[in-house]
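Protein chains in written order, with full-length UniProt numbering: chain A, 1 to 125; chain B, 1 to 125. For reference, the structure discussed in these notes is given below.
Encoded structure:
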């Protein structure tokens, strides 16, 4: 597989990571996500990692990168479905996932993004 | 990977198929979906196949099976994100996907499921 599909859910984008990420796949995902954020006018990115039993430092950095780029494009990043063992590993690796919000599942993740949408409507245009 | 993750989106379940399905994975997905439909009280199942470049007769039968079982459990099945080439192949294979609704993307698929939710609220409990 060359690309991880990015699904549009209202004003958010949803990515389900099911396979081990390698360099090229991670780069492709980051590029695709940034262009889709702009194209879809997305205010949030949900990354589901419920299929992952292991998150290594490479994956941690990828999540950090996605969150950093999304923030610049005014979109929140929410990592959903993290397994307890993965959370323990992340802390042991010293990866704090700064700037990445987390939620137990997609519904809660969407709820984290929605308030911002309403705030966005009030503020702007 | 042994399992394809099933995400709960409101009263619908979302499955993103990113890898080639083999017998065991398909059986596991069908079992997981049926138990999740009951557990989550789901009224719809969205199956995203935007990552698939090829849908063979095995996959066609799997979609048919999922739709048939879901229908018995009172949940609609909507296949979303089908590529044009896949649609052509399905017709050439003589797979009509009876009982499977299709939608261009997840948002439209959710819209297909939502009206039923309201109808369900009016009817029942």
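Every residue, glycine too, gets a C-beta built ideally from N, C-alpha and C. In this text, all values refer to a predicted model and were calculated from it rather than measured experimentally.
- Boundaries for residue 54 of chain A: no beta strand (DSSP E) harbours it, and the DSSP string shows neither H nor E there.
- In the same chain as residue 93 of chain B, and ignoring 5 residues on each side of it, the C-beta atoms closer than 6 Å to its own belong to 57, in chain order.
- Collapsing the DSSP output to three states places residue 42 of chain B in coil.
- Look at the UniProt domain "STAS" (1-113) of chain B and you find these whole runs of alpha helix (DSSP H), each 4 residues long or longer: 23-40, 57-72, 84-92.
- Nearest neighbour of residue 82 of chain B by Cα position, chosen from B:63, B:31, B:9, turns out to be B:63.
- Around residue 103 of chain A, the same chain offers 78, 80, 109, 112 as residues with beta carbons nearer than 6 Å, after the five sequence neighbours per side are excluded.
- Within the model, the alpha-carbon separation for residue 37 of chain A versus residue 73 of chain A is close to 7 Å.
- Within chain B, no C-beta atom comes less than 7 Å from the C-beta of residue 70 of chain A; the nearest is roughly 19 Å away.
- The criterion of a C-beta distance shorter than 8 Å is satisfied by residue 17 of chain A and residue 4 of chain A.
- Closest in alpha carbon position to residue 76 of chain A, among A:105, A:43, A:86, A:29, is A:43.
- Any Cβ of chain A closer than 8 Å to the Cβ of residue 16 of chain B would place that residue at the interface, and such an atom is present.
- Residue-level contact by beta carbon holds for residue 106 of chain B and chain A, with a gap shorter than 8 Å.
- For residue 10 of chain A, the C-beta contacts it makes with chain B under 8 Å involve 107, in order along the chain.
- Residue 76 of chain A does not reach chain B, its nearest Cβ partner there being about 18 Å away, counting only Cβ pairs nearer than 7 Å.
- Nearest neighbour of residue 35 of chain B by Cα position, chosen from B:59, B:51, B:8, turns out to be B:8.
- Within 9 Å of the CB of residue 51 of chain A, the CB atoms of chain B belong to 1, 3, 4, 5, in sequence order along the chain.
- Taking the beta carbon of residue 48 of chain B as reference, the chain A residues within 9 Å of it are 5, 7, 16, listed in sequence order.
- The C-beta distance from residue 54 of chain B to residue 15 of chain B rounds to 18 Å, too long to fall under 8 Å, and the pair is not in contact.
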